[in-house]
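**Q** Residues in the sequence shown are numbered consecutively from 1, following UniProt numbering. We put the CB at the ideal spot given by N, CA and C, even for glycine. Just dropping this structure here.
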Amino acid sequence: MKLSATDFVQMKGSRPITMLTAYTCPVARELEAAGIPIILVGDTVGMVEMGFDSTREVTVEHMIYHIGAVRRGAPNTHIIGDLPFESDKTPELALANAKRLLAAGADSIKLEGPKTDIISYLVEEGIAVVGHTGLLPQTANSFAKVGRNAEEALRIQKEAAAIQQAGAFMLVVEHIPHDLANSITQTLTIPTIGIGAGPDCDGQVLVINDALGLGNYWPPFSKQYAHVGREIQKVAQQFSREVESREFPNNIIQFAGSMK
Ligand code: KIV
Ligand code: NA
1 MKLSATDFVQ MKGSRPITML TAYTCPVARE LEAAGIPIIL VGDTVGMVEM GFDSTREVTV
61 EHMIYHIGAV RRGAPNTHII GDLPFESDKT PELALANAKR LLAAGADSIK LEGPKTDIIS
121 YLVEEGIAVV GHTGLLPQTA NSFAKVGRNA EEALRIQKEA AAIQQAGAFM LVVEHIPHDL
181 ANSITQTLTI PTIGIGAGPD CDGQVLVIND ALGLGNYWPP FSKQYAHVGR EIQKVAQQFS
241 REVESREFPN NIIQFAGSMK
C-alpha cells in the first residue's frame with residue numbers, strides 16, 4: 001500500500017523511515033518487493049548514473065525519464081522527485097516543473113534549501129513537498145560537512161524550522177554534525193531523513209548505487225551492502241572467456257517456454 005505524506009508524519013517518533021534512491025525500473029521493482037516505503041528519484045542520478053561531476057547538469061527532462069521508469073517498477077510505493085538545479089527559480093516555474101514531475105509518476109517533490117516562498121506556493125497548490133537542508137549539492141562548492149561552527153549551525157537550525165513552517169512534510173538533512181541533526185529532529189514535528197547526519201534522525205536515506213557498491217567513489221558516511229560493480233566485472237569476464245573458448249552458447253539448455 002502506498003504511504004502518503006500524512007503517514008510519514010505519523011511515523012515520526014514511532015518507526016524509523018527507510019528511504020533509498022532509485023533511478024531505473026528494475027532497481028525500483030526490487031526496492032518495492034523489499035518493502036521500502038519511500039523512494040527518492042534524486043538528481044544524484046546525474047553523478048551516479050550519468051557520469052557528470054555535479055548534479056547541476058540534470059534537467060527536468062532527465063528527471064521525467066527516470067521518475068517514469070521508477071514508477072513503472074514500483075507502482076505502489078511513494079516516490080519523491082527532485083526538482084533539479086534552477087528548475088525552481090521562481091514560484092511559477094517551480095509549480096510548472098513540479099506538475100511535470102508529478103505527471104511522470106512522483107507523489108511528492110523535493111527542493112534544496114530554504115526557499116520558503118516557493119515551498120509555501122507549491123503547498124498552497126496542493127503539492128506535497130520535501131525540504132532539504134545542510135549540504136546542498138546543487139549550489140555547494142564542495143562536498144564537505146556543513147554546520148560545523150555555531151553560527152552556521154544556528155542558520156541551518158533556523159532554515160529547518162522555516163522549511164517546516166512553509167509546509168514541507170519531511171526534511172532531508174545532508175552531511176551535518178550529528179548533534180545538530182539531533183537538535184533539528186527534536187525541534188521539528190515533521191520527520192527528518194538523514195544522510196551523513198548521524199543516528200538520531202527520524203529516518204535514513206542512502207544513494208542506491210552507494211549501498212550496492214556500484215560506482216567509483218562512495219562518500220565516507222555511506223555503507224556498501226554489496227559490491228555489484230565487482231559482480232558486473234566478473235560476469236563480463238566470464239562471458240568473454242566463454243565466448244572466446246566457444247563454451248557459450250553450446251551448453252545452454254533452452255527453456256521450452258521461450259522457444260515459441
Ligand atoms: O539527489 C539525491 O539523491 C538526494 C539525496 C542525497 C538526499 O538529494
Ligand atoms: Na538531490
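Please find out if some non-hydrogen atom of the ligand KIV comes closer than 7 Å to the beta-carbon of D43.
**A** Locating residue 43 in the sequence shown gives position 43, where the first residue counts as 1. It does: the Cβ of D43 is within 7 Å (strictly closer) of some heavy atom of the ligand KIV.
**Q** To the nearest angstrom, report how far apart A153 and A128 are at their CA atoms.
**A** Taking the sequence shown and counting its residues from 1, one reaches residue 153 at position 153. Taking the sequence shown and counting its residues from 1, one reaches residue 128 at position 128. So the alpha carbons of these two residues sit roughly 27 Å apart.
**Q** Given 7 Å as the limit, tell me if P219 has its C-beta closer than that to any heavy atom belonging to the ligand NA.
**A** In the sequence shown, the residue the question calls residue 219 occupies position 219. No.
**Q** Report the option in I184, M170 and S240 whose CA atom is closest to the CA atom of I176.
**A** As a first step, residue 176 is located in the sequence shown; it is residue number 176 there, counting from the start. The shortest C-alpha separation from I176 is found at I184.
**Q** Can you give the Cα-Cα distance for E151 and K234, rounded to whole angstroms?
**A** One-based indexing of the sequence shown puts residue 151 at position 151. One-based indexing of the sequence shown puts residue 234 at position 234. So the alpha carbons of these two residues sit roughly 50 Å apart.
**Q** Would you report the Cα separation of I190 and V9, rounded to the nearest angstrom?
**A** Here residue 190 corresponds to residue number 190 of the sequence shown, with the count starting at 1. Here residue 9 corresponds to residue number 9 of the sequence shown, with the count starting at 1. If you take the alpha carbons of I190 and V9, they lie about 5 Å apart.
**Q** Are there three or more Cβ pairs, one per stretch, closer than 8 Å when the region 108-118 is compared with the region 200-210?
**A** At 8 Å Cβ cutoff, the stretches do not touch.
**Q** Only counting the same chain, and skipping five residues up and downstream in sequence, which positions put a Cβ closer than 6 Å to that of V172?
**A** Translated into positions along the sequence shown, residue 172 becomes position 172. Closer than 6 Å at Cβ, skipping near neighbours: H132 and I193.
**Q** Rounded to whole angstroms, what is the Cα-Cα separation between V146 and E30?
**A** Position 146 of the sequence shown, counted from the first residue, corresponds to residue 146. Position 30 of the sequence shown, counted from the first residue, corresponds to residue 30. Between V146 and E30, the C-alpha separation is close to 33 Å.
**Q** Have a look at A5 and F169 and give me their C-alpha separation to the nearest angstrom.
**A** By 1-based counting over the sequence shown, the position of residue 5 is 5. By 1-based counting over the sequence shown, the position of residue 169 is 169. Taking the straight line joining both Cα atoms gives about 6 Å.
**Q** In the DSSP assignment, find the beta strand (DSSP E) that holds E174 and state where it starts and stops.
**A** Indexing the sequence shown from 1 puts residue 174 at position 174. Taken as a continuous stretch (DSSP letters only), the beta strand (DSSP E) holding E174 covers M170 to E174.
**Q** For the alpha helix (DSSP H) containing H62, list its first residue and its last residue.
**A** Translated into positions along the sequence shown, residue 62 becomes position 62. Segment V60 to G73, the alpha helix (DSSP H) holding H62.
**Q** Which residue marks the beginning of the beta strand (DSSP E) containing M19, and which one marks its end?
**A** Looking up residue 19 in the sequence shown gives position 19. Taken as a continuous stretch (DSSP letters only), the beta strand (DSSP E) holding M19 covers I17 to T21.
**Q** Work out the CA separation of I232 and L188 for me, nearest whole Å.
**A** For the purposes of this step, residue 188 is identified with residue 188 of the sequence shown, where counting begins at 1. For the purposes of this step, residue 232 is identified with residue 232 of the sequence shown, where counting begins at 1. The straight-line gap from Cα to Cα measures roughly 43 Å.
**Q** In terms of residue numbering, what span does the beta strand (DSSP E) encompassing K145 cover?
**A** Indexing the sequence shown from 1 puts residue 145 at position 145. Counting along the chain, K145 falls outside any beta strand (DSSP E), and DSSP gives it neither H nor E.
**Q** Quick one: what does DSSP say S120 is sitting in, helix, strand or coil?
**A** Residue mapping note: residue 120 aligns to position 120 of the sequence shown, counting from 1. In this structure, S120 counts as helix in the three-state DSSP scheme.
**Q** Threshold first: 4 residues or longer. Then list the alpha helix (DSSP H) segments lying entirely within the region 158-219, N to C.
**A** Listed in chain order, the complete alpha helix (DSSP H) runs (minimum 4 residues) inside the region 158-219 are 178-187 and 208-212.
**Q** So, under 8 Å CB-CB, I67 and G105 are touching, yes? Tell me the CB distance rounded to an integer number of Å.
**A** Walking along the sequence shown from the start, residue 67 turns up at place 67. Walking along the sequence shown from the start, residue 105 turns up at place 105. Indeed, because the Cβ distance is near 5 Å, the residues count as touching under 8 Å.
**Q** Which residue from E92, S108, L20 and G51 puts its Cα closest to that of N222?
**A** What you label residue 222 is simply residue 222 of the sequence shown in a count that begins at 1. Reading off the sequence, residue 222 comes out as Ser, not Asn. For S222, the nearest C-alpha among the options comes from L20.
**Q** Consider the C-beta atom of V130 and the heavy atoms of the ligand KIV; say whether any pair is separated by less than 7 Å.
**A** Locating residue 130 in the sequence shown gives position 130, counting from the first residue. Result no, Cβ not under 7 Å from the ligand KIV.
**Q** Is I38 near the ligand KIV, in the sense that its beta carbon is under 7 Å from a heavy atom of that ligand?
**A** Within the sequence shown, residue 38 is the residue found at index 38, counting from 1. False, no ligand heavy atom lies under 7 Å from that Cβ.
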